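Residue numbers (numbering that gives the first Met the number 0): 0 to 235.
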Amino acid sequence: MLAVYFVASLLASAASVSARNAADLVGTWTTKSREVATGPGFYDPVEDKLIEPKLPGISFSFTEDGYFEEAFYRAIANPKNPECPQGIMQWQHGTYTVGADGSLQLTPIAADGRQLLSDPCESSKGLYTRYNQTEEYTSFTVGVDPYYGSVRLDLYSFDGTPMIPMYLAYKPPEMLPTGSLNAITSKKNKRQVDGGVDTAFVLRRLVSKDSLVDPDRWLWVGVVMSAMGGVALFFS
Ligand SMILES: *[C@@H]1O[C@H](CO)[C@@H](O)[C@H](O)[C@H]1NC(C)=O
């Protein structure tokens, strides 16, 4: 799995004939499985529910005028029971800025973000909560991936670690309305979002053997852990 990680890093440097302009971010980006995309297929604001994709992955969208949306569906290591990974879905949107130094800052609309955490070996129900996580990347590159031949986005975290690569799926981007969804998400349907329990048997698929051999998982564990730290703070 480490080998896969290093190959990914090498590919990142191979795609270095690449641009760093804000305009190059515009579009919907998704990881290799192409099963996860931002927009109404991932989060339904009217029913206030997250919709489980077929396979894990992540997706980001950026508009020309400074809005972003993010969809995230991963297995995460379960320290209490390593045989039984937890599953997590996260969605948020808001505004982004690109700094003069090429850094990328994402500022979510705090009331709109949602997270569904599933611990299938502990409970048949998932934990559905708000999600509000500011994100900062020191740099990003957009270039043509020499191996897959598609346009590829790499985001780099503060210590220079590349995120899992994403590929351009839609341009213009596929997104939900970019403003606050509070009015759309009716009171009736706001399903116990403040720490309540969701009734759906979602994310069970992540417990399958397949997810245990997903190399991408390792790149994301740290990110998810810090994201969950943010949520914990929000609710403490
Ligand atoms: C959302 O997160 C930001 C950054 O961590 C924080 O400043 C803000 O207070 C949070 N909003 C809410 C409503 O918790």
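Built from N, CA and C at the ideal position, the CB exists for glycine as well.
Given the structure is predicted, the values throughout are model-derived calculations rather than measurements.
- The alpha-carbon separation between F67 and L116 amounts to approximately 23 Å.
- Not one heavy atom of ligand 1 lies closer than 6 Å to the C-beta of T184.
- For the set R151, I50 and M162, the Cα lying nearest the Cα of W28 is the one of R151.
- By the 16-neighbour rule on beta-carbons within 10 angstroms, F157 is exposed.
- Here the segment 96-105 does not lie against the segment 74-83, with fewer than 3 beta-carbon pairs under 8 Å apart.
- By the Cβ neighbour-count rule, D100 is exposed, with fewer than 16 other Cβ atoms within 10 Å of its own.
- Spatial neighbours of A22 in its own chain (CB-CB distance under 6 Å, excluding positions within 5 residues in sequence) are not present.
- Residue pairing by DSSP places A70 opposite S58 and W90 in a beta bridge.
- M165: member of the beta strand (DSSP E) spanning M165 to Y169, first to last residue.
- According to the DSSP assignment, S117 belongs to the beta strand (DSSP E) that extends over R113 to S117.
- Between G125 and the set Q85, V25 and G178, the nearest pair of CA atoms involves Q85.
- Here A110 has N181 as same chain residues with Cβ atoms under 6 Å from its own Cβ, once five neighbours each way along the sequence are excluded.
- With respect to the 7 Å criterion, K53 and E34 are classified as neighbours on the basis of their beta carbons.
- Taking a contact as a CB-CB distance under 8 Å, the pair S102 and E134 does not count as one, their CB atoms being some 11 Å apart.
- With 16 or more other Cβ atoms inside 10 Å of its own Cβ, D144 counts as buried.
- DSSP lists S58 and Y166 as the bridge partner or partners of T29.
- One thing to note: L154 has its Cβ within 7 Å of the Cβ of M162.
- Residues of the same chain with a CB within less than 6 Å of the CB of S138, apart from the 5 flanking positions on each side, are G101 and Y155 in chain order.
- Residue environment for P81: exposed (fewer than 16 other C-beta atoms within 10 angstroms of its C-beta).
- Out of D64, L105, K79 and I57, the CA that lies nearest to the CA of Q89 is found in I57.
- Between S60 and P172, the C-beta gap is smaller than 7 Å, which places the two residues in contact.
- The three-state secondary structure of D43, taken from DSSP, is strand.
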